[in-house]
Amino acid sequence: MDELKLNQFMGKLVNDMGGAAMLANVIVGEELGLYRAMADSQLISPEALAAKTTCNPRLVREWLSAHAASGYMEHRDGQFRLPEEQALALAVEDSPVYVAGGLGVVASFFHDKDKLVKAMRGNGALPWGDHHPCMFSGTERFFRPGYKGHLIAEWLPALEGVVDKLGKGAKVADIGCGHGASTVIMAQAFPNSRFVGFDYHAPSITVATQRAEEGGVSSRAEFFQGTAKNYPGDDYDLICYFDCLHDMGDPIGAARHAFDSLKDDGTVLLVEPFANDKLDDNITPVGRLFYAASTFICTPNSLSQEVGLGLGAQAGEMRLRKVFNEAGFKTFRRAAQTPFNLILEARK
Numbered sequence: 117m118d119e120l121k122l123n124q125f126m127g128k129l130v131n132d133m134g135g136a137a138m139l140a141n142v143i144v145g146e147e148l149g150l151y152r153a154m155a156d157s158q159l160i161s162p163e164a165l166a167a168k169t170t171c172n173p174r175l176v177r178e179w180l181s182a183h184a185a186s187g188y189m190e191h192r193d194g195q196f197r198l199p200e201e202q203a204l205a206l207a208v209e210d211s212p213v214y215v216a217g218g219l220g221v222v223a224s225f226f227h228d229k230d231k232l233v234k235a236m237r238g239n240g241a242l243p244w245g246d247h248h249p250c251m252f253s254g255t256e257r258f259f260r261p262g263y264k265g266h267l268i269a270e271w272l273p274a275l276e277g278v279v280d281k282l283g284k285g286a287k288v289a290d291i292g293c294g295h296g297a298s299t300v301i302m303a304q305a306f307p308n309s310r311f312v313g314f315d316y317h318a319p320s321i322t323v324a325t326q327r328a329e330e331g332g333v334s335s336r337a338e339f340f341q342g343t344a345k346n347y348p349g350d351d352y353d354l355i356c357y358f359d360c361l362h363d364m365g366d367p368i369g370a371a372r373h374a375f376d377s378l379k380d381d382g383t384v385l386l387v388e389p390f391a392n393d394k395l396d397d398n399i400t401p402v403g404r405l406f407y408a409a410s411t412f413i414c415t416p417n418s419l420s421q422e423v424g425l426g427l428g429a430q431a432g433e434m435r436l437r438k439v440f441n442e443a444g445f446k447t448f449r450r451a452a453q454t455p456f457n458l459i460l461e462a463r464k
């Protein structure tokens, strides 16, 4: 045994244990409004923060101390400060780097642990709809900041001729729309176009319809329950998949249905988690996050459906290209990317 390697690994493990404990504290702080109460980046005492948020002052002091020990906050003379940079991630929900609200996804891993154990010992299946409800709300809040920051400004302009069509008036399908964050953002930006979101999860369709009403776009953004292989229509100018194709049991069948549902000059926008094509090239902080999430969410959901291809969240461009080539698409290219996403374009 190499004692140095053992000590190094134990250090890493203790660091990860602390990180997991801190994420639970972040979830609590977000729900209680503690970060929002500190968003002005001013020093504040535990007692003052507790009074501001109607929380227990002794527990608030412990919570703040955990943040100071983790490097999430600054502290001086018994007072604590949430710097502007951390506030963008933890307190400012309109920020493109806001993540606190999306940590409900991580919470669901622990709620759903017994279900995953059963799947591991069985056929690998854990359907999306069987997760804890915080998975669904957390997923919406995890992805929405990135969509708001990049979809209109960068991703759609990277596609050939799509923005011009949307400006004039196009018909768009958002497949696997979830709570409709991406659909509503597009509908708000392009009032001459019509948007239809489809998802097989009925509770998500209910929430998406509510989001469209709240966003003032219910007259041009509608939502219906349906799968990626049976939604109606054959005259779409744009069909979108936002962080969902790799979750499907039969992504090739879904892509074939998109091929048949597009106009001849139509486009598929495929947004997928960033991944290289080989495991060795995905041994990064982002790859670590997405492989771990895929173990709980993406792969078992795929295995719960027909075909059960199990692409996983780190499918990579090469495997995704193969899916669309097999479905009949002749053009497939990387249009853009972020540290968290691949933005891919497919055309007939």
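Read left to right, the sequence shown gives residues 117 to 464 (this note's numbering).
Ideal placement from N, C-alpha and C gives every residue a C-beta, glycine not left out.
All values derive from a computational prediction rather than experimental measurement.
Top-ranked residue by Cα proximity to residue 385, from 180, 190, 427, 278: When C-alpha distances from residue 385 are compared across 180, 190, 427, 278, the shortest belongs to 278.
Coil, strand or helix - residue 423 by DSSP: Residue 423 falls in the coil class under three-state DSSP.
Could I get the ranges of all uninterrupted beta strand (DSSP E) runs contained in the stretch 362-419, with 3 residues as the minimum, in chain order? With a minimum length of 3 residues, the continuous beta strand (DSSP E) runs that stay inside the stretch 362-419 are 378-389.
N-terminal and C-terminal residue of the beta strand (DSSP E) that residue 458 is part of: Taken as a continuous stretch (DSSP letters only), the beta strand (DSSP E) holding residue 458 covers 457-463.
How close, in whole Å, do the beta carbons of residue 260 and residue 297 come, if the pair is a contact with beta carbons under 8 Å? Right, their Cβ atoms sit about 4 Å apart.
Within this structure, are the beta carbons of residue 274 and residue 166 separated by less than 7 Å? No, the pair does not count as a contact, with Cβ atoms beyond the cut-off.
Please name the residue or residues paired with residue 209 in a DSSP beta bridge. Answer is none; residue 209 lacks a bridge partner.
First through last residue of the beta strand (DSSP E) which encompasses residue 285: Premise fails: residue 285 is in no beta strand (DSSP E) and is neither H nor E.
Are the CB atoms of residue 427 and residue 362 nearer to each other than 7 Å? Yes. Within cutoff.
Pick out whichever of 150, 158, 231, 319 has its Cα sitting closest to the Cα of residue 413. Just measuring C-alpha positions, the residue of 150, 158, 231, 319 sitting nearest residue 413 is 231.
Candidates 240, 334, 265: closest to residue 212 by CA position: Minimum Cα-Cα distance from residue 212 among the listed residues 240, 334, 265 corresponds to 265.
Taking the CB atoms as reference points, tell me whether residue 339 and residue 324 lie closer together than 7 Å. Yes; because the gap between Cβ atoms is below 7 Å, this pair is in contact.
Who does residue 191 pair with in a DSSP beta bridge? According to DSSP, residue 191 bridges with 196.
Cβ neighbours of residue 283 in the same chain (closer than 7 Å, five flanking residues each side left out): Taken in chain order, the residues that qualify are 306, 308.
So, with DSSP's three-state summary, where would you put residue 449? Strand, per DSSP.
Range covered by the alpha helix (DSSP H) that runs through residue 257: Annotation for residue 257: the continuous alpha helix (DSSP H) segment containing it runs 249-266.
For residue 391, which of 202, 351, 457 has the nearest alpha-carbon? The shortest C-alpha separation from residue 391 is found at 457.
Just to confirm before moving on: does the CB-CB distance between residue 108 and residue 219 stay below 7 Å? The chain is shown only over 117 to 464; residue 108 falls outside these bounds and no answer can be derived.
Using 10 angstroms around the beta-carbon of residue 417, count the other beta-carbons present and answer buried if the total reaches 16, otherwise exposed. Classification of residue 417: buried, given that the 10 Å Cβ count is 16 or more.
Residue 225 to residue 425 span [Cα, whole Å]: Taking the straight line from one Cα to the other gives about 22 Å.
Going by DSSP, what residue range makes up the beta strand (DSSP E) through residue 355? Per DSSP, the unbroken beta strand (DSSP E) holding residue 355 starts and ends at 352-358.
Taking residue 407 and residue 377 to be in contact with their CB atoms under 8 Å, please state how far apart those CB atoms are, rounded to whole angstroms. In this structure, residue 407 and residue 377 do not form a Cβ contact; the two beta carbons are roughly 32 Å apart against a cut-off of 8 Å.
Are residue 419 and residue 240 closer than 7 Å when you measure CB to CB? Taking 7 Å as the cut-off, the Cβ atoms of residue 419 and residue 240 count as close.
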